[in-house]
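Asks: Residues 4 to 110, numbered by my numbering, are exactly what the sequence shown covers, in order.
Ideal Cβ placement from N, Cα and C applies to all residues, glycine included.
Here the structure is a predicted model, which means the values were calculated and not measured.
I am attaching a structure below and will ask some questions about it afterwards.
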Amino acid sequence: MSAIIVDPLDKPRLTAAVRRAEPEVIIHQLSALSGVGNFRKFDQEFALTNRFRTEVTDTLLAAARTIGTRRFIAQSYCGWPYARKGGPVKTEEDPLDPKPPESFTKT
């Protein structure tokens, strides 16, 4: 295995890199979340990550299909806080907080 460095928003180069690598599995964990903390500017803070989770996901999926990648795993984000009950680790089965802190509801 070797690392490939490419601008993920450069669709032709990302596609070429995936085709060259011919991976059996793609694990897509791109984000731009380091340092994010101002939920009042949520849209602004998550803009690049949202592009990674939409445009780049589409590019990776299309490239994966052309070479027969057998599995694609992508990181996701709930975007809403979980209910404050149970332990600190949550799954998709855990309920969301119907009344989150006010600071989480304003962008």
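Along the chain, where does the alpha helix (DSSP H) containing Phe45 start, and where does it finish?
Replies: 45 to 48
Asks: So the candidates are Val92, Pro26, Ala19; which of them puts its Cα closest to the Cα of Ser5?
Replies: Pro26
Asks: Report the partner residues of Val28 according to the DSSP bridge assignment.
Replies: Bridge partners of Val28 according to DSSP: Arg74.
Asks: Just confirm the distance between the C-beta atoms of Ile7 and Ala35, as a whole number of angstroms; I'd bet it's less than 8 Å.
Replies: Actually they do not touch by this definition, with Cβ atoms about 19 Å apart.
Asks: Assuming Arg54 contacts Leu12 under a Cβ cut-off of 8 Å, what Cβ separation, rounded to an integer in Å, is found between them?
Replies: 7 Å
Asks: What does Leu99 pair with, by DSSP beta-bridge criteria?
Replies: Beta-bridge pairing links Leu99 to Tyr85.
Asks: Kindly say whether Tyr85, judged by its beta-carbon, lies nearer than 9 Å to any beta-carbon of chain B.
Replies: Annotation note: the requested chain B is absent from the structure, which comprises a single protein chain.
Asks: With burial defined as no fewer than 16 other Cβ atoms inside 10 Å of the residue's Cβ, what is the status of Ala86: buried or exposed?
Replies: exposed
Asks: Taking contact to mean at least 3 C-beta pairs separated by less than 8 Å, is the segment 57 to 64 in contact with the segment 28 to 45?
Replies: Yes, they touch.
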